[in-house]
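Asks: Input: one structure, supplied below.
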Amino acid sequence: MRTFAPRAGFGVLAVWALLALAGAAHARGNPADLASVATADLPREARDVLALIPHGGPFPHERDGVTFGNRERILPAHPRGYYREYTVRTPHEKSRGARRIVCGGAPTAPDACFYTDDHYQSFRRIVP
Numbered sequence: 016m017r018t019f020a021p022r023a024g025f026g027v028l029a030v031w032a033l034l035a036l037a038g039a040a041h042a043r044g045n046p047a048d049l050a051s052v053a054t055a056d057l058p059r060e061a062r063d064v065l066a067l068i069p070h071g072g073p074f075p076h077e078r079d080g081v082t083f084g085n086r087e088r089i090l091p092a093h094p095r096g097y098y099r100e101y102t103v104r105t106p107h108e109k110s111r112g113a114r115r116i117v118c119g120g121a122p123t124a125p126d127a128c129f130y131t132d133d134h135y136q137s138f139r140r141i142v143p
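Offset between the sequence shown (1-based) and the working numbering: plus 15.
Pasting the structure below:
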């Protein structure tokens with residue numbers, strides 16, 4: 016009688032896929048899973064943007080202050096319109112670049128702000 020024995024490669028792939036799915040589901044929208052970054056450790060350009068937010072600007076980019084949709088679902092879930100995004104200038108970059116600050120709550124008094132330097136692939140919560 017022949018028994019079925021899955022190949023080792025199949026088992027490794029199956030475990031990897033399950034871990035990847037579980038990790039992605041666990042990380043989405045859970046602020047406890049987000050790393051943090053101290054304001055003092057942000058690039059100078061990011062600190063400059065943070066200083067403008069409580070004053071409502073003026074911001075250098077037309078898209079600064081627009082609604083951030085959180086389509087990646089990395090940040091905690093909130094109703095549409097809760098998050099706003101701001102461009103963090105990247106030296107020597109001609110376009111807006113990949114760096115952003117995303118803040119949630121009132122536009123000039125946010126509840127929380129997050130920094131990304133990889134265009135929304137990851138976020139770090141900004142702490143004092």
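The beta-carbon is built from N, C-alpha and C at its ideal position, and this holds for glycine as well.
1. For ARG115 and THR131, which I take to be in contact (beta-carbon distance under 8 Å), what is that distance rounded to the nearest angstrom?
2. Our contact map puts GLU100 next to PHE83 with C-beta atoms below 8 Å; I'd like the distance itself, whole angstroms only.
3. I'd like the span of the beta strand (DSSP E) that includes VAL117, first residue to last.
4. Quick check on the burial criterion: 16 or more other C-beta atoms within 10 angstroms. Buried or exposed for ASP79?
5. Taking the alpha-carbon positions, what's the ALA39 to TYR97 distance?
6. Between the alpha carbons of ALA53 and PHE138, how many angstroms are there, rounded?
7. From the DSSP output, in three-state form, read off ASP132 for me.
8. Among PRO75, ALA121, PRO106, which residue has its Cα nearest to the Cα of HIS93?
9. Give the C-beta separation of SER51 and VAL117 to the nearest angstrom, bearing in mind that I take them to be a contact with Cβ-Cβ under 8 Å.
10. Give me the Cα-Cα distance between PHE129 and THR105, rounded to the nearest whole angstrom.
Replies: On the basis of the supplied data:
1. 5 Å
2. 4 Å
3. 115-121
4. buried
5. Low local confidence applies: a pLDDT of 38 at ALA39 is under 50, so the model's placement there is unreliable, with the coordinate-based value given in what follows. Taking the straight line from one Cα to the other gives about 23 Å.
6. 13 Å
7. coil
8. ALA121
9. Wrong, their Cβ atoms sit about 14 Å apart, outside the cutoff.
10. 17 Å
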